[in-house]
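A short worksheet on the structure shown next.
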Amino acid sequence: MSVPRPAAVIVLAAGEGTRMKSKTPKVLHEISGRALVDHMLTAARALGPERLIVVIGHAREQVEGHLSAVSPDARLVVQEKRNGTGHAVRTVLEAVGPIDGTVLVTYGDTPLLRAETLRGLLERHAEDGNAVTVLTAVVPDPAGYGRIVRDDAGAVLEIVEEKDATPEQRAIAEMNSGVYAFDGALLARALRRVGAANAQGEEYLTDVLAILREDGHRVGAHVAADHVEVEGVNDRVQLSFARRVLNDRILRDHMRAGVTVVDPATTWIDVDVTMEPDAVVHPGTQLKGVTRVGAGAEVGPHSTLTDTVVGEEAVVRNTVGEGAEIGPGATVGPFAYLRPGTVLGRKGKIGAYVETKNATIGEGSKVPHLTYVGDATIGEGSNIGAASVFVNYDGVSKHRTVVGDHVRVGSDTMLVAPVTIGDGAYTAAGSVITNDVPPGAMAVARGRQRNIEGWVVRRRAGSSSAEAAERAAADRDDPGDGVRADGGAPR
């Protein structure tokens with residue numbers, strides 16, 4: 017049977033998360049390029065809900081600001097007093113009114129929960145005609161979890177918390193995930209009867225299951241295929257575990273799609289990164305944000321690219337790239353830093369110890385080594401000599417340098433912006449270029465060399481340099497007869 021769209025998905029994200037020991041709200045901690053709550057919202061959206069609702073509370077301003085920016089389709093409901101999960105859902109119904117149809121309740125700290133698993137829960141809920149269906153999992157060690165107690169027919173009798181469980185119930189390995197599919201109308205009526213007569217003085221959503229069963233309604237369960245999916249994140253250890261699991265999933269998907277990941281253990285790829293078949297990722301590489309890697313390109317080892325495009329057959333070694341674009345067949349690195357606004361053309365080169373920013377480097381042009389290129393446009397087929405600097409900042413404003421096609425910039429050249437180097441021009445090594453250079457011209461801007469004979473011997477007498485100079489002078493004054501002492505030919 018086809019699964020109807022849920023009338024609403026309610027994501028509970030109001031908790032404080034004290035075990036994280038962080039100024040950042042728990043649900044905003046990031047793994048694989050998204051906040052924890054964003055992973056859950058992505059899974060929820062895949063179900064096509066009529067309404068997407070997030071309950072917020074702790075650090076309301078931070079969470080609200082984040083969700084308003086990245087999830088404007090979500091309705092935010094504030095739980096002013098955080099009085100339990102049942103109270104949170106009741107707060108939603110009081111804010112938005114009755115919800116007819118299936119209501120899915122889940123959490124903002126379960127980033128591993130897949131849309132496929134939630135869809136399976138909805139299918140079971142619809143097929144069995146349940147008033148509520150709980151998502152469960154069979155875990156190797158159920159300690160600390162609520163246990164699912166079933167009758168002989170498999171229907172759920174109750175959920176027993178560990179502190180209240182008998183020894184026989186504690187032996188049950190099936191645990192409650194806290195994720196539910198409810199009949200919306202029955203949920204609303206049952207919530208009005210949930211009390212807070214418990215040790216915590218809170219309204220628990222689990223009490224709704226008991227109420228519905230007492231009223232003669234069917235309570236069912238759907239077992240998740242992988243218990244890891246339902247594990248929440250409550251501290252930094254669990255955050256690290258979730259990051260590893262999610263990263264492994266991402267890597268497997270890419271490898272099955274034709275990407276080579278040489279060492280998955282040291283490779284980290286965000287969920288929104290895309291790669292084409294025959295791309296190769298070498299060890300120690302991180303691909304973040306919306307980075308795209310073209311077919312046949314190689315990235316790494318030890319490269320970190322954020323929001324960067326790598327063209328087909330390009331090679332990027334030991335490089336940090338942020339908001340950059342690397343053209344097809346280009347080479348970058350090792351030890352290059354591509355800052356935002358860098359565009360390297362087809363078959364271009366950015367070499368060792370080169371930093372670029374807001375720079376467009378044309379097809380086939382090369383910046384091989386030890387150079388800074390900032391706020392610049394370089395044409396096609398040009399070469400920038402070693403240790404050159406595009407001097408773009410005067411202490412107040414940034415200025416742009418334009419280098420034409422097939423230009424040769426000599427080593428150790430300072431290009432003081434704003435300045436333009438015409439097509440086919442050259443600059444002499446060691447020059448400080450402050451004026452435009454016409455096409456085809458050679459620009460020389462350096463002091464004339466002057467040699468002061470005998471300076472070292474006079475001013476550094478007794479030094480090893482002076483001694484070497486004196487020996488050289490003696491050899492120059494007495495070159496000998498050109499015959500070696502051993503009778504051999506001169507060398």
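Count along the sequence shown from 1, then add 16; that gives the number in the numbering used here. Glycine is no exception: its CB is placed at the ideal position from the N, C-alpha and C atoms. Everything numeric in this text was worked out from a predicted model, so none of it was measured.
Cβ-Cβ separation, residue j to residue i (assumed contact under 8 Å), whole Å
i	j	result
VAL94	ILE72	6 Å
VAL332	VAL297	About 10 Å separates the two Cβ atoms, so there is no contact after all.
LEU63	LEU138	7 Å
THR358	ALA375	5 Å
Nearest-angstrom Cα separation, counted from residue j out to residue i
i	j	result
PRO22	ARG91	15 Å
ARG140	ASP391	59 Å
LEU509	GLY440	The chain is shown from 17 up to 507; residue 509 falls before or after that span and cannot be answered.
HIS233	ASP269	41 Å
ARG462	THR450	11 Å
PRO280	VAL27	32 Å
THR324	GLY446	34 Å
ALA241	GLY395	56 Å
LEU255	LEU129	14 Å
THR283	PRO299	6 Å
PHE257	GLU132	21 Å
GLY31	THR372	44 Å
GLY217	ASN99	8 Å
ARG416	VAL383	17 Å
ASP494	ALA444	38 Å
VAL473	SER480	10 Å
LEU267	LEU173	40 Å
VAL389	GLY337	14 Å
VAL46	VAL278	According to the sequence as given, residue 46 is Glu; it is not Val. Distance between the alpha carbons of GLU46 and VAL278: 25 Å.
HIS385	VAL405	11 Å
ILE175	ARG76	31 Å
Cβ-heavy atom distance, residue i to the ligand ADP, below 7 Å
i	result
VAL405	For the structure depicted, the ligand ADP is absent and the ligand set is empty, with no information on it obtainable.
CB of residue i within 8 Å of CB of residue j, strictly
i	j	result
LEU431	VAL412	no
GLU379	ARG362	yes
LEU52	ASP125	yes
LEU262	SER38	no
GLY200	TYR123	no
GLY136	HIS238	yes
MET191	THR222	no
GLY438	HIS422	no
VAL511	VAL121	Only positions 17 to 507 of the chain appear in this structure, which leaves residue 511 out of reach.
GLY343	LEU360	yes
Residue i versus the options, residue with shortest Cα-Cα distance
i	options	result
PRO293	ALA281, ASP323, SER447, GLU329	GLU329
ILE508	ILE400, ASP223, LYS42	No answer is possible for residue 508: the residues shown for the chain start at 17 and end at 507.
PRO127	ALA60, GLN185, TYR161	ALA60
GLY162	ALA147, MET56, GLU178	GLU178
ASP428	HIS415, ASP410, ALA402, VAL418	ALA402
ASP89	GLN78, GLY102, THR118, VAL25	VAL25
HIS103	VAL195, LEU207, GLY81	LEU207
GLY316	GLY339, MET458, THR347	THR347
VAL246	ARG67, VAL289, TYR196, GLU184	TYR196
PRO156	ILE188, GLU143, ASP180, ASP144	ILE188
LYS42	ASP144, ASN250, ILE266	ASN250
GLY420	VAL453, ALA433, GLU110	VAL453
ALA311	GLU230, MET291, SER193, THR101	MET291
VAL287	GLY33, ARG35, ARG50	ARG50
SER193	ALA204, VAL244, GLU314, ALA226	VAL244
ASP231	ALA215, ARG259, ALA212, LEU202	LEU202
THR335	TYR369, TYR442, VAL119, ARG265	TYR369
TYR353	THR322, ASP180, PRO344	THR322
GLY145	GLY236, VAL278, ARG355	GLY236
MET56	GLU483, ALA159, HIS74, LEU83	LEU83
GLY456	PRO434, GLU469, VAL425	VAL425
HIS318	GLU77, ALA75, GLY349	GLY349
ASN214	THR393, ASP180, TYR409	ASP180
ARG205	ALA212, GLU77, ALA147, ASN467	ALA147
ALA159	LEU134, VAL165, ARG186	ARG186
Status (buried if at least 16 other CB within 10 Å, exposed otherwise) for residue i
i	result
SER87	buried
ILE285	buried
THR436	buried
TYR220	buried
ARG252	exposed
LYS414	exposed
ALA501	Unreliable placement is indicated for ALA501, whose pLDDT of 46 sits below 50; the coordinate value is still reported in the next sentence. So ALA501 counts as exposed.
MET458	exposed
VAL460	exposed
GLY170	exposed
THR182	exposed
PRO506	Low confidence applies to PRO506: its pLDDT is 44, below 50, so where it sits in the model is not reliable, and the reading given next is rough at best. Burial call: exposed.
GLY113	exposed
GLU96	exposed
GLY81	exposed
ARG308	buried
THR320	buried
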